[in-house]
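Student:
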Amino acid sequence: MSRIELGKGIAGLSKRVLLIVGGGVAAYKALELTRLLRKAGVGVRPILTRAGAQFVTPLSLSALAEDKVYQDLFSLTDESEMGHIELSRSADLVVVAPATADLMAKAANGLADDLASTTLLATDKPVLMAPAMNVRMWLNPATQRNLKTLQDDGVRFIGPGEGPMACGEFGPGRLAEPPAICEAIMLAGKRVVVTAGPTAEPIDPVRVLTNRSSGKQGYAIAGALAELGAEVTLVSGPTALPAPIGVKRVWVETAVDMLEATKAALPADAAVCVAAVADWRVDQVFGLKLKKGKDGPPTLTLVENPDILATLSASGPARPKLVVGFAAETDNIEANAKAKLARKGCDWIVANDVADAWVMGGDENAVLLVTKAGVDRWERAAKTDVARRLALKIAEALA
Ligand SMILES: Cc1cc2nc3c(=O)[nH]c(=O)nc-3n(C[C@H](O)[C@H](O)[C@H](O)COP(=O)(O)O)c2cc1C
Numbered sequence: 006m007s008r009i010e011l012g013k014g015i016a017g018l019s020k021r022v023l024l025i026v027g028g029g030v031a032a033y034k035a036l037e038l039t040r041l042l043r044k045a046g047v048g049v050r051p052i053l054t055r056a057g058a059q060f061v062t063p064l065s066l067s068a069l070a071e072d073k074v075y076q077d078l079f080s081l082t083d084e085s086e087m088g089h090i091e092l093s094r095s096a097d098l099v100v101v102a103p104a105t106a107d108l109m110a111k112a113a114n115g116l117a118d119d120l121a122s123t124t125l126l127a128t129d130k131p132v133l134m135a136p137a138m139n140v141r142m143w144l145n146p147a148t149q150r151n152l153k154t155l156q157d158d159g160v161r162f163i164g165p166g167e168g169p170m171a172c173g174e175f176g177p178g179r180l181a182e183p184p185a186i187c188e189a190i191m192l193a194g195k196r197v198v199v200t201a202g203p204t205a206e207p208i209d210p211v212r213v214l215t216n217r218s219s220g221k222q223g224y225a226i227a228g229a230l231a232e233l234g235a236e237v238t239l240v241s242g243p244t245a246l247p248a249p250i251g252v253k254r255v256w257v258e259t260a261v262d263m264l265e266a267t268k269a270a271l272p273a274d275a276a277v278c279v280a281a282v283a284d285w286r287v288d289q290v291f292g293l294k295l296k297k298g299k300d301g302p303p304t305l306t307l308v309e310n311p312d313i314l315a316t317l318s319a320s321g322p323a324r325p326k327l328v329v330g331f332a333a334e335t336d337n338i339e340a341n342a343k344a345k346l347a348r349k350g351c352d353w354i355v356a357n358d359v360a361d362a363w364v365m366g367g368d369e370n371a372v373l374l375v376t377k378a379g380v381d382r383w384e385r386a387a388k389t390d391v392a393r394r395l396a397l398k399i400a401e402a403l404a
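Numbering (the numbering used here), first residue to last: 6 to 404.
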C-alpha cells in the first residue's frame, strides 16, 4: 500500500504546500496543520515517511488534505502519474512538520534513501522545517550542526518551542503550534523587494553625502516578511546590520544604484520602500580628493536623484501589486503623507515623525499608515513590532 486516492488535488489552488510528515510523536499535530491550511484555502499534498505512518494513518492525512498521500519512492503508479522530481516541484513550498532529527540529518547531508529525503534533495522550492524531538536529540551537537548546515543552505526553521515533552523531559524540542506554522507560510510563493538604509552619494573618493537612517526599520520589515514565508530581496544602502535570516541582501551605495538593484529584483508582488534615499547627488563627482586651499571651500552643485518610489508605482506590467512607501516627516505628518501618497502613486504610505529624536537610529517607532481607505495610527512600539504588523497587513493585502 503506498497511497490513498481521494483527491481533488492541489492544482489550481493559489497556494500549494508539499507537507512532509516525519516519524515523531508530534505527527498528530500535522493533521491539525493540514486542517488549518485547507481551511485557509491552501492546497496540501502530503508525503508520509515510513516512521510517520507509525504515528498517523495515511487515511487521516489524506482525508484532511483532500489529496492522496505519497509514501513510496518506488511506487510505479506514482512515478507514471507524478514522478518524485515533479512531486518535489508541484507546490510553492515544502513544509516538513514534524521534522525529525533523522530527516534533518539526511537533508543536511544530501541523503536520499526514501521519498521524503529524495524530495527534499530534488526540490527547487523554499523549504520550511518545523523540528520536533526530545530535548537531548535537539541539543545534540550533531543535530545542531545539521541545523546550522540547513540554515546556511537557505532552509527556514520555525520552532522548536520549549516546554514539557511527551517523553517527560523539559526543554526545547516541541513542535511549533500549527497556527504559527500556518502564519509562517502566509506569504509563501510571494516575492517582495524592500529597500532600506541611507544612500551615500559620493563627493570625491573619500567623502559622501548621506543621512542618519540606520536601516533598522527596513531590515525589520524584510525579516518579518521572510518570517511569513515571502521571498525577500533587501536592497540596502550602507548599514552595520546583519542580514535578516532568509533574506537576500543586495548592497548598494547611491540612489541610482538602488533604483537599478530594485528594478533588477522585479517582478515582485510587493515593494516596500523604506530606504532614506538622498534627494540630491553631486553633479560632478571629483576624481581626486578635494584639498583645502587658497581658493576656499568648493562649491557643490546638486542634481536631483531618481525617484525610486514613484518609478515603482508607475503603472505598467512590472508594477508590483502593492507598493508601500515610507515618509520621514518633521511636521504636518498626516497632510504630507497624504500628499505623498497622491504624488507618488503608491498604495500605502507609512509616515513617521523623525523630529522625535528617538526614531532615527532608535529601536522604536510610531507611525501613521495612510492608505486610500483612510489613516491608521500605530502607537509607539518596537520597530520589530511595527514591522510584524505591517508584514501581516501586506500578507492580508496579497492574499
Ligand atoms: C515512540 C517514538 C517516538 C519518537 N519521536 C521522535 C520525535 O519526536 N522526533 C524525532 O526526531 N524522532 C522521534 N523518534 C525516532 C524516529 O521515529 C526515527 O528516528 C525514525 O527513523 C524517523 O524516520 P523519518 O525521519 O523518516 O520519519 C521516535 C521514535 C519512537 C519509537
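Idealized CB from N, CA, C, for every residue including glycine.
In this text the structure is predicted, and so the values were computed from the model without any measurement.
Please go through the stretch 31-84 and give each complete alpha helix (DSSP H) segment of 4 or more residues, from N-terminal end onward.
Tutor: For the stretch 31-84, whole alpha helix (DSSP H) runs of length 4 or above, ordered along the chain, are 32-44, 63-70.
Student: Bridge partners for Ala104 per DSSP, in chain order?
Tutor: Answer is Pro136, bridged to Ala104.
Student: If you draw a straight line from the C-alpha of Leu126 to the C-alpha of Val213, how long is it?
Tutor: Distance between the alpha carbons of Leu126 and Val213 is about 46 Å.
Student: Just checking my contact of Pro322 with Ala275 at CB under 8 Å: how many whole Å lie between their CB atoms?
Tutor: Their Cβ separation, rounded to whole angstroms, is 16 Å, which puts Pro322 and Ala275 out of contact at 8 Å.
Student: List the residues that DSSP assigns as beta-bridge partners of Gly176.
Tutor: According to DSSP, Gly176 bridges with Gly168.
Student: Tell me which same chain residues have a C-beta within less than 6 Å of the C-beta of Glu236, skipping the five on either side of it?
Tutor: Hits under 6 Å: Arg196.
Student: How would you write the range of the beta strand (DSSP E) that Glu309 sits in, first residue to last?
Tutor: From DSSP, the beta strand (DSSP E) with Glu309 extends over 307-309.
Student: Going by other Cβ atoms of all chains shown within 10 Å of its Cβ, with 16 needed for buried, is Ala281 buried or exposed?
Tutor: Under this definition Ala281 is a buried residue.
Student: What is the C-beta distance between Val252 and Ala227, in whole angstroms, given that I count them as a contact (C-beta under 8 Å)?
Tutor: Contact holds; Cβ gap of about 5 Å.
Student: In terms of alpha-carbon separation, which member of Asp390, Asp209, Ala387, Glu188 lies closest to Glu401?
Tutor: For the residues Asp390, Asp209, Ala387, Glu188, the minimum Cα distance to Glu401 belongs to Glu188.
Student: Compute every distance between the C-beta of Leu38 and the non-hydrogen atoms of ligand 2, then say whether any falls below 6 Å.
Tutor: Of the ligands one can find in the structure shown, namely ligand 1, none is ligand 2.
Student: Rounded C-beta distance between Gly28 and Gln59? I'm assuming under 8 Å.
Tutor: Right, their Cβ atoms sit about 6 Å apart.
Student: Tell me whether the beta-carbon of Leu373 lies closer than 7 Å to the beta-carbon of Glu334.
Tutor: Contact flag unset, no.
Student: Between the Cα of Val375 and the Cα atoms of Thr267, Lys388, Gly367, Ala347, which residue gives the shortest distance?
Tutor: When each option's Cα is compared against that of Val375, the closest is Ala347.
Student: What separation, rounded to the nearest whole angstrom, lies between the Cα atoms of Asp368 and Lys221?
Tutor: Rounded to the nearest angstrom, the two C-alpha atoms are 7 Å apart.
Student: So the candidates are Glu265, Pro131, Leu295, Pro184; which of them puts its Cα closest to the Cα of Asp158?
Tutor: Nearest C-alpha to Asp158: Pro131.
Student: Ser7 to Leu395, Cα distance in whole Å?
Tutor: For Ser7, the predicted structure reports a pLDDT of 34, less than 50, and the residue's modelled location is therefore unreliable. A value from the coordinates is still provided. About 44 Å.
Student: Given that a residue counts as buried once 16 or more other Cβ atoms are within 10 Å of its Cβ, and exposed if not, what is Leu64?
Tutor: By the 10 Å Cβ count, Leu64 comes out exposed.
Student: Return the residue from the list Cys172, Pro103, Val355 that minimises the CA-CA distance to Glu384.
Tutor: When each option's Cα is compared against that of Glu384, the closest is Val355.
Student: Using the C-alpha atoms, what's the distance from Arg382 back to Arg254?
Tutor: For Arg254 and Arg382, the distance between alpha carbons rounds to 30 Å.
Student: Report yes if the C-beta of Ala402 is less than 6 Å from at least one heavy atom of ligand 1; otherwise report no.
Tutor: Ala402 Cβ: outside cutoff for every heavy atom of ligand 1.
Student: Measure the alpha-carbon distance for Gly202 versus Ala269 and round it to whole angstroms.
Tutor: Their backbone Cα atoms lie some 18 Å apart in a straight line.
Student: Tell me, please, which residues DSSP counts as bridged to Glu334.
Tutor: Answer is Asp358, bridged to Glu334.
Student: Closest by CA to Leu42, which one among Leu98, Gly57, Ala56, Val30?
Tutor: The candidate whose alpha carbon is nearest that of Leu42 is Leu98.
Student: What's the C-alpha gap between Gly12 and Leu69?
Tutor: Per-residue confidence for Gly12 stands at a pLDDT of 36, beneath the threshold of 50, marking its modelled position as unreliable; the derived number appears in the next sentence. Their Cα atoms are separated by approximately 10 Å.
Student: Whole-angstrom Cβ separation of Thr123 and Ala225, contact assumed at under 8 Å?
Tutor: Not really, about 37 Å apart at Cβ, beyond 8 Å.
Student: Check whether the stretch 111-118 and the stretch 37-57 are in contact - that is, three or more C-beta pairs closer than 8 Å.
Tutor: At 8 Å Cβ cutoff, the stretches do not touch.
Student: Which same chain residues end up closer than 7 Å to Gly14 when comparing Cβ atoms and leaving out the 5 residues on each side of it in sequence?
Tutor: Note that Gly14 scores 49 on pLDDT, short of 50, meaning its location in the model is unreliable and no value can be drawn from it.
Student: Does ligand 1 have a heavy atom nearer than 6 Å to the CB of Ala406?
Tutor: This structure cannot speak to residue 406, because the chain is shown only from 6 to 404.
Student: So, at 6 Å on beta carbons, what are the nonlocal neighbours of Pro183 in its own chain, with the 5 sequence-adjacent residues on each side left out?
Tutor: Contacts found: Lys34, Glu37, Leu38, Leu41.
Student: Candidates Ser80, Trp143, Gly48: which alpha carbon is nearest Leu66's?
Tutor: Considering only alpha carbons, the answer is Gly48.
Student: Among residues of its own chain, excluding the 5 on either side of Ile9, which ones have a beta-carbon nearer than 8 Å to its beta-carbon?
Tutor: Because the pLDDT at Ile9 is just 31, under 50, the model does not fix this residue reliably, and the value given afterwards should be weighed accordingly. Only Pro63, Leu64, Ser67, Lys73, Val74 meet the Cβ criterion.
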